[in-house]
Amino acid sequence: MTDDRDDRPDPDALLASMKAEESRATRARLKIFFGAAPGVGKTYAMLQEARRAREEGDDVVIGIVETHGRAETQELVAGVPELPRRIIEHRGVKLAELDIDAAIARKPQRILVDELAHTNAPGSKHVKRWQDVLELLDAGIDVHTTINVQHVESLGDVIQQITGVRVRETVPDALLERADEMELVDISPEELLERLSEGKVYVPEQAQRALQSFFQKGNLLALRELALRRTAARVDAEVLAYRKLHGISSTWPTTDRILVAVGPSPGSERLIRATKRIAEGLHAPWAAAHVEVLGAPPLSDKDRERVESHLRLTEALGGEVVRLAGRSVAEALLDHARTTNVTRIVAGKPTHSRWRDLVRGSLLDTLIRGSGPIEIHVIAPLDDLTKPAPVSPIPREKPSAWAYAWAVFAIAATTVVGMLAAPYITIADITILYLIAITLASLAGRGPALVAASLAVCAFDFCFVPPKFTFAVSDVRHLLTFGVMFGAGLAISTLTSRLKNQERDALVRERHTAALLAFTRDIASAVAPGDVAAVTVEHLEASFPVSAAVLIPDPDEPSTLTAVAGLMPLAPQEMAVLRWAFEHKQTAGKGTDTLPGSRVLAVPLVSGEDAVGVIAVQAKQDPRRRGGTAVPLIEAIARQAGLALGRVKFAAQAREASVRARTEEMRNALLSAVSHDLRTPLAVITGAATSLRDDEARLDRSARRELLDQIVDDARRLERVLANLLQLTRVESGLVPVRELIPVEELVGAALTRMEGALGAWAVEIDVPSDLVVPVDPVLFEQVLINLIDNALKHGAPPLELRAQRLGATVVVDVIDHGAGIPAGLGPTLFEKFVRASTAPGAGLGLAVVRAIVEAHGGHVHADNEPAGGARFRVELPATHPSSRLLAEPALAEAAS
Numbered sequence: 000m001t002d003d004r005d006d007r008p009d010p011d012a013l014l015a016s017m018k019a020e021e022s023r024a025t026r027a028r029l030k031i032f033f034g035a036a037p038g039v040g041k042t043y044a045m046l047q048e049a050r051r052a053r054e055e056g057d058d059v060v061i062g063i064v065e066t067h068g069r070a071e072t073q074e075l076v077a078g079v080p081e082l083p084r085r086i087i088e089h090r091g092v093k094l095a096e097l098d099i100d101a102a103i104a105r106k107p108q109r110i111l112v113d114e115l116a117h118t119n120a121p122g123s124k125h126v127k128r129w130q131d132v133l134e135l136l137d138a139g140i141d142v143h144t145t146i147n148v149q150h151v152e153s154l155g156d157v158i159q160q161i162t163g164v165r166v167r168e169t170v171p172d173a174l175l176e177r178a179d180e181m182e183l184v185d186i187s188p189e190e191l192l193e194r195l196s197e198g199k200v201y202v203p204e205q206a207q208r209a210l211q212s213f214f215q216k217g218n219l220l221a222l223r224e225l226a227l228r229r230t231a232a233r234v235d236a237e238v239l240a241y242r243k244l245h246g247i248s249s250t251w252p253t254t255d256r257i258l259v260a261v262g263p264s265p266g267s268e269r270l271i272r273a274t275k276r277i278a279e280g281l282h283a284p285w286a287a288a289h290v291e292v293l294g295a296p297p298l299s300d301k302d303r304e305r306v307e308s309h310l311r312l313t314e315a316l317g318g319e320v321v322r323l324a325g326r327s328v329a330e331a332l333l334d335h336a337r338t339t340n341v342t343r344i345v346a347g348k349p350t351h352s353r354w355r356d357l358v359r360g361s362l363l364d365t366l367i368r369g370s371g372p373i374e375i376h377v378i379a380p381l382d383d384l385t386k387p388a389p390v391s392p393i394p395r396e397k398p399s400a401w402a403y404a405w406a407v408f409a410i411a412a413t414t415v416v417g418m419l420a421a422p423y424i425t426i427a428d429i430t431i432l433y434l435i436a437i438t439l440a441s442l443a444g445r446g447p448a449l450v451a452a453s454l455a456v457c458a459f460d461f462c463f464v465p466p467k468f469t470f471a472v473s474d475v476r477h478l479l480t481f482g483v484m485f486g487a488g489l490a491i492s493t494l495t496s497r498l499k500n501q502e503r504d505a506l507v508r509e510r511h512t513a514a515l516l517a518f519t520r521d522i523a524s525a526v527a528p529g530d531v532a533a534v535t536v537e538h539l540e541a542s543f544p545v546s547a548a549v550l551i552p553d554p555d556e557p558s559t560l561t562a563v564a565g566l567m568p569l570a571p572q573e574m575a576v577l578r579w580a581f582e583h584k585q586t587a588g589k590g591t592d593t594l595p596g597s598r599v600l601a602v603p604l605v606s607g608e609d610a611v612g613v614i615a616v617q618a619k620q621d622p623r624r625r626g627g628t629a630v631p632l633i634e635a636i637a638r639q640a641g642l643a644l645g646r647v648k649f650a651a652q653a654r655e656a657s658v659r660a661r662t663e664e665m666r667n668a669l670l671s672a673v674s675h676d677l678r679t680p681l682a683v684i685t686g687a688a689t690s691l692r693d694d695e696a697r698l699d700r701s702a703r704r705e706l707l708d709q710i711v712d713d714a715r716r717l718e719r720v721l722a723n724l725l726q727l728t729r730v731e732s733g734l735v736p737v738r739e740l741i742p743v744e745e746l747v748g749a750a751l752t753r754m755e756g757a758l759g760a761w762a763v764e765i766d767v768p769s770d771l772v773v774p775v776d777p778v779l780f781e782q783v784l785i786n787l788i789d790n791a792l793k794h795g796a797p798p799l800e801l802r803a804q805r806l807g808a809t810v811v812v813d814v815i816d817h818g819a820g821i822p823a824g825l826g827p828t829l830f831e832k833f834v835r836a837s838t839a840p841g842a843g844l845g846l847a848v849v850r851a852i853v854e855a856h857g858g859h860v861h862a863d864n865e866p867a868g869g870a871r872f873r874v875e876l877p878a879t880h881p882s883s884r885l886l887a888e889p890a891l892a893e894a895a896s
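Each residue of the sequence shown is one higher than the last, beginning at 0 in numbering that gives the first Met the number 0.
If you want it as structure tokens, here you go:
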């Protein structure tokens, strides 16, 4: 037997692989050292590889590595340069974290980041260390990191069931899949327990507690198996990708993989259960495949329901559901088996007669002959299933009376044409004319084609075969012509019917693919649960004759499902079905084996391991109609909607975590500012006032004057700090400033008057046109100038220059000093809150207030160093403003004054 399979690589797969390889070649690489538990040697292996790389000339540095006091690990650390850590003070405790900004600025070829699942200290740039790793990868830096199997997010429930410990620090599975390389570091549980008892993992007190809880031999055995399985699954996926890329069709029995063929026969249920038992015995993954034969008539509703029931049973038993399409069942199964490296195919023993195999061919025989190295397992049905299932009537589109009339007309017209042309053409030509008429009639359906073929034989015999105008045949050779005509009509009608079925199937698949594509495109832009729900309902009702609703848990009462989209009225019975589907994460209701008496179909929305909602679908007609693929498409839409809801949920959690971290950072900075910038002037005021009270008799006039000046200066300093806090809060709350056309000269004069005491002997140069006006809130913009002048007094040197001019539609105000200028590296964060030079007084709020007020006026502010020395702070404001922004907010002005 000749194998005519095309073993060349799939061009699409080859192109996709080449693009993936190009992407991997240009992006930074991630390598994960993976282990079953702490102490197996992940960090040690990572450091060993780093030292070898440095010996070969690679630029490798340590971002952060935790030695946990292990002497051998500390020795390896000493051989690799280590970046300084960022010290964060939290509740009086100093915590050392990875300094990601320093790492990106250093930009080594490779960086070592230990403990991927670690949670960063409050106030860090990211909440989780794996987020730091992603930023390093985006910056083009290769990363080597470590992780234990208990920190894999998808295994959280399994780990808790095994160890009784709920692991809080987890890493998304997507990051592990992003890794270019994963190295398993493995030792036996006995060796790990010995290392623990010798103090090589934890200090003695901590090691004793670990031995009594997490580090039990049973736990370690189970964790080791999970780590091995996770690594084996990754290797298996790499093998499949390699085989697909290189067009390898022969099976590589590196691991058992089982495929069972299912159909509408009741015996398929036994095949599925038998396959499950075989897979459990072999510890192998398994799948159930249903094949839709291209061009075959569609299954009846009853047969389609049986198939869906079998596929749901597969999912319930933990198998994978595969839907295939092909020219034959055997061909589709074998192609899929070769593509996915299946080692065993399970099929049922035939229960029909041999005559059917002679006519249609034997599925089992074709599988065995074409399987090659793939094993074929034949399962005999039970005694009560030995009789084939009754054939359900197949719904066919019946041709109309007009179709049959068209067939009669086509043959009649051909007969008339033939009789008129008989003197000029031969009988063979007339036969061809009838075949053309039969072909035209077949366009109306198989029935009209058969009628046309029968009429053509009769008309040809009656009108053209001697003796004419009688059905008698004088030459037996004409009987062969009759047979050919009828056979050709039958063949043409069959082929036409098959093409129509294929066209129908293609249209259904195209429609469903387009529906999924449109749904995926629309849902990608959804940013809130209500948006996801609305898009889901809209597409379901547009794709099917159904009413739909999406329900999600109430944020205040998670046990209650609340409809967020759709107007379907739901009775208590339907709500019970929806609750069951949500809690069990299984489809239930109408058309399923669970609560089939319900009038709604309940499809859960699942993201990862959690149910995030449920879809209620009430069909205006049976949802299994329209080609029998409605339920799978609804479930596919539900899967995408579930992932979208999960994405929205995780994005909200990430935003909340970021806000919490930022709030914590601001709180710490504010406490630091309060402790310094409020306490210091208060201490000066208190000391000066105490001296005036207690030593009034011994103080001369000048001494008392000096103490009073100190009190006034520090009181004004307090006033500026509190004013900055108030102005920042007001402006960032979204209040719109009151705008008036004010001369810039007047604003500058008011600011200098208020800063007269602080300016002292500083020389001030003013270059402001007297006719230059700007639309601003006078109180707020005066605060801008005061803060810029105060900043120049703290960090600059005299003279102080204040310049203003109009450039086109913009008014520009410059505040220039002649000091040392802006320190290197401070520019990008100069206008952030609580940012200040290391030795400078102040809370770091003045320039943040400047930016907030200027941006509230529709302008912007920036700072540069002057070529001759000093710093220039430039404020740019629109010279005019639209009337829509002339909104009064008296409270802001009153509070600012």
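Even glycine gets a Cβ: it sits at the ideal position worked out from N, Cα and C.
For clarity, every value in this text was computed on a predicted model and none was experimentally measured.
Worksheet item: Taking the alpha carbon of GLU608 as the point to measure from, which residue in ARG28, SER153, ASP100 has its own alpha carbon closest?
Response: Residue numbering aside, residue 608 sits at position 609 when the sequence shown is read from its first letter. Of ARG28, SER153, ASP100, the residue nearest in Cα terms is SER153.
Item to complete: Identify, in the order they occur along the chain, each residue of the same chain with its Cβ nearer than 8 Å to the Cβ of LYS584, setting aside the five sequence neighbours on each side.
Response: What you label residue 584 is simply residue 585 of the sequence shown in a count that begins at 1. Excluding positions up to five away in sequence, the list reads PRO603, VAL605, ALA610.
Worksheet item: Candidates ASP530, GLU573, LEU706: which alpha carbon is nearest ARG646's?
Response: If you number the sequence shown from 1, residue 646 lands on position 647. That would be ASP530, whose Cα lies nearest to the Cα of ARG646.
Worksheet item: Do you know how far the Cα of LEU801 is from the Cα of LEU876?
Response: Residue numbering aside, residue 876 sits at position 877 when the sequence shown is read from its first letter. Residue numbering aside, residue 801 sits at position 802 when the sequence shown is read from its first letter. In a straight line, the C-alpha of LEU876 is about 16 Å away from that of LEU801.
Worksheet item: When you compare only the Cα positions, how much space is there between PHE468 and MET418?
Response: By 1-based counting over the sequence shown, the position of residue 468 is 469. By 1-based counting over the sequence shown, the position of residue 418 is 419. When rounded, the distance between both Cα atoms is 12 Å.
Fill in: Endpoints, alpha helix (DSSP H) assigned at VAL576
One-based indexing of the sequence shown puts residue 576 at position 577. Segment 571-583, the alpha helix (DSSP H) holding VAL576.
Worksheet entry | Beta-carbon proximity list for SER769, same chain, < 6 Å, skipping 5 on both sides | Looking up residue 769 in the sequence shown gives position 770. Once the five neighbours on either side are set aside, the close Cβ partners of SER769 are GLU744.
Worksheet item: Mind pulling the alpha helix (DSSP H) runs of 4 or more residues that sit fully within the segment 301-369?
Response: With a minimum length of 4 residues, the continuous alpha helix (DSSP H) runs that stay inside the segment 301-369 are 328-338, 353-359, 362-369.
Worksheet item: Rounded C-beta distance between VAL407 and LEU332? I'm assuming under 8 Å.
Response: Working through the sequence shown from its first residue, we reach residue 407 at position 408. Working through the sequence shown from its first residue, we reach residue 332 at position 333. The Cβ separation is near 44 Å, so there is no contact.
Worksheet item: Just to confirm, are ASP179 and LYS30 a CB contact at a threshold of 8 Å?
Response: Along the sequence shown, one-based indexing puts residue 179 at 180. Along the sequence shown, one-based indexing puts residue 30 at 31. Taking the C-beta atoms as reference points, LYS30 is found nearer than 8 Å to ASP179.
Practice prompt. Kindly indicate the opening and closing residues of the beta strand (DSSP E) around HIS817.
Written response: Here residue 817 refers to the residue found at position 818 when the sequence shown is read from its first residue. Neither: HIS817 is in no beta strand (DSSP E) and is coded neither H nor E.
Worksheet entry | Residues that MET181 bridges to, as DSSP identifies them | Here the question's residue 181 lines up with position 182 in the sequence shown. DSSP output for MET181 lists ILE31 as bridge partner(s).
Worksheet item: Going by the beta-carbon positions, is the gap between ARG871 and VAL860 smaller than 8 Å?
Response: In the sequence shown, the residue the question calls residue 871 occupies position 872. In the sequence shown, the residue the question calls residue 860 occupies position 861. Against a cut-off of 8 Å, the Cβ pair of VAL860 and ARG871 comes out as no contact.
Worksheet item: Quick one, which of ARG700, SER701, ILE710, ASP699 has its alpha-carbon nearest THR689's?
Response: The residue given as residue 689 occupies position 690 in the sequence shown. The candidate whose alpha carbon is nearest that of THR689 is ILE710.
Discussion item. Using a 10 Å radius around the Cβ and a threshold of 16 neighbouring Cβ atoms, would you call ARG43 buried or exposed?
Written reply: The count along the sequence shown starts at 1 and reaches residue 43 at position 44. Arg is not the amino acid found at residue 43; the sequence shown has Tyr there. Burial is judged here by how many other beta carbons sit within 10 angstroms of a residue's own beta carbon; TYR43 has at least 16 and is buried.
Discussion item. Using only CA atoms, which one of ASP141, LEU577, VAL321 lies nearest to PRO595?
Written reply: As a working note, residue 595 is residue 596 in the sequence shown. Its Cα nearest to that of PRO595, the residue LEU577 stands out among ASP141, LEU577, VAL321.
Worksheet item: So what does DSSP say about ILE431, is it helix, strand or coil?
Response: Here residue 431 is taken as the residue at index 432 of the sequence shown, counted from 1. Correct three-state label for ILE431: helix.
Worksheet item: Leaving out five residues before and five after PRO83 in sequence, what residues of the same chain have Cβ atoms less than 6 Å from its Cβ?
Response: As a working note, residue 83 is residue 84 in the sequence shown. Within the same chain, PRO83 has no close Cβ partners at all.
Practice prompt. State buried or exposed for GLY68, treating a residue as buried only when at least 16 other CB atoms are found within 10 Å of its CB.
Written response: Numbered from 1 along the sequence shown, position 69 holds the residue referred to as residue 68. Exposed, because fewer than 16 other Cβ atoms sit within 10 Å of the Cβ of GLY68.
Fill in: Residues sharing a beta bridge with THR561, DSSP
Mapped onto the sequence shown, residue 561 falls at position 562. Partner(s): ILE551.
Practice prompt. Report yes if the C-beta distance between VAL306 and VAL345 is below 8 Å; otherwise report no.
Written response: For the purposes of this step, residue 306 is taken as the residue at position 307 of the sequence shown. For the purposes of this step, residue 345 is taken as the residue at position 346 of the sequence shown. With contacts defined by Cβ atoms closer than 8 Å, VAL306 and VAL345 do not form a contacting pair.
Worksheet item: Mind checking SER597: buried by the 16 CB within 10 Å criterion, or exposed?
Response: Reading the sequence shown from its first residue, position 598 is the one you call residue 597. So SER597 counts as buried.
Discussion item. I'd like the span of the beta strand (DSSP E) that includes ALA601, first residue to last.
Written reply: For this step, residue 601 is matched to residue 602 along the sequence shown. From DSSP, the beta strand (DSSP E) with ALA601 extends over 600-606.
Fill in: Beta-carbon proximity check, GLU718 vs PRO774, cutoff 8 Å
Residue 718 sits at position 719 when you count from the first residue of the sequence shown. Residue 774 sits at position 775 when you count from the first residue of the sequence shown. Against a cut-off of 8 Å, the Cβ pair of PRO774 and GLU718 comes out as no contact.
Discussion item. Measuring straight from C-alpha to C-alpha, what distance separates VAL415 and ASP504?
Written reply: One-based indexing of the sequence shown puts residue 415 at position 416. One-based indexing of the sequence shown puts residue 504 at position 505. Taking the straight line from one Cα to the other gives about 39 Å.
Worksheet item: Just how far apart, CA to CA, sit MET484 and TYR403?
Response: Start at 1 with the first residue of the sequence shown, and residue 484 comes out as number 485. Start at 1 with the first residue of the sequence shown, and residue 403 comes out as number 404. About 18 Å.
Discussion item. Let me check understanding here. Comparing Cα to Cα, which of HIS89, ARG85, VAL60 lies closest to GLY78?
Written reply: Along the sequence shown, read from residue 1 onward, the residue named residue 78 stands at position 79. Closest by alpha carbon: VAL60.
Practice prompt. Just mark TRP405 as buried or exposed, buried being the case when its beta carbon has 16 or more other beta carbons within 10 Å.
Written response: For the purposes of this step, residue 405 is identified with residue 406 of the sequence shown, where counting begins at 1. Buried.
Worksheet entry | Beta-carbon contacts of VAL536 that lie in its chain and below 7 Å, excluding the five residues immediately before and after | Indexing the sequence shown from 1 puts residue 536 at position 537. The residues are ALA547, ALA548, VAL549, ALA564, GLY565.
Worksheet item: Sorted by chain position, which residues of the same chain lie with C-beta nearer than 7 Å to GLU781's C-beta, five sequence neighbours on each side aside?
Response: As a first step, residue 781 is located in the sequence shown; it is residue number 782 there, counting from the start. So the list reads LEU746, ALA749, ALA750, once near-sequence residues are dropped.
Worksheet item: By Cβ distance, which residues of its chain are closer than 6 Å to THR1, with the 5 residues on each side in sequence left out?
Response: As a first step, residue 1 must be located in the sequence shown, where it is residue number 2. Legend: pLDDT at THR1 = 40, less than 50; position of this residue unreliable, no value from coordinates given.
Discussion item. Here's the rule I'm using: 16 or more other beta-carbon atoms within 10 Å means buried, otherwise exposed. How should ARG51 be labelled?
Written reply: As a working note, residue 51 is residue 52 in the sequence shown. When all chains shown are included, ARG51 counts as exposed.
Discussion item. Alpha carbons only, please: which of VAL534, ALA116, THR879 is nearest the one belonging to GLY807?
Written reply: Residue mapping note: residue 807 aligns to position 808 of the sequence shown, counting from 1. If we check each option's Cα against that of GLY807, THR879 comes out closest.
Item to complete: Measure from the alpha carbon of VAL132 to the alpha carbon of each residue in LEU844, THR162, VAL166, GLU96, then state which is nearest.
Response: As a working note, residue 132 is residue 133 in the sequence shown. When only C-alpha atoms are compared, the closest one is GLU96.
Worksheet entry | Alpha-carbon spacing of GLY317 relative to ARG311, whole angstroms | Here residue 317 is taken as the residue at index 318 of the sequence shown, counted from 1. Here residue 311 is taken as the residue at index 312 of the sequence shown, counted from 1. Taking C-alpha positions only, GLY317 is separated from ARG311 by approximately 10 Å.
Worksheet entry | Separation of VAL170 from ALA120, as counted between CA atoms | Locating residue 120 in the sequence shown gives position 121, counting from the first residue. Locating residue 170 in the sequence shown gives position 171, counting from the first residue. Going by the C-alpha atoms only, they are around 17 Å apart.
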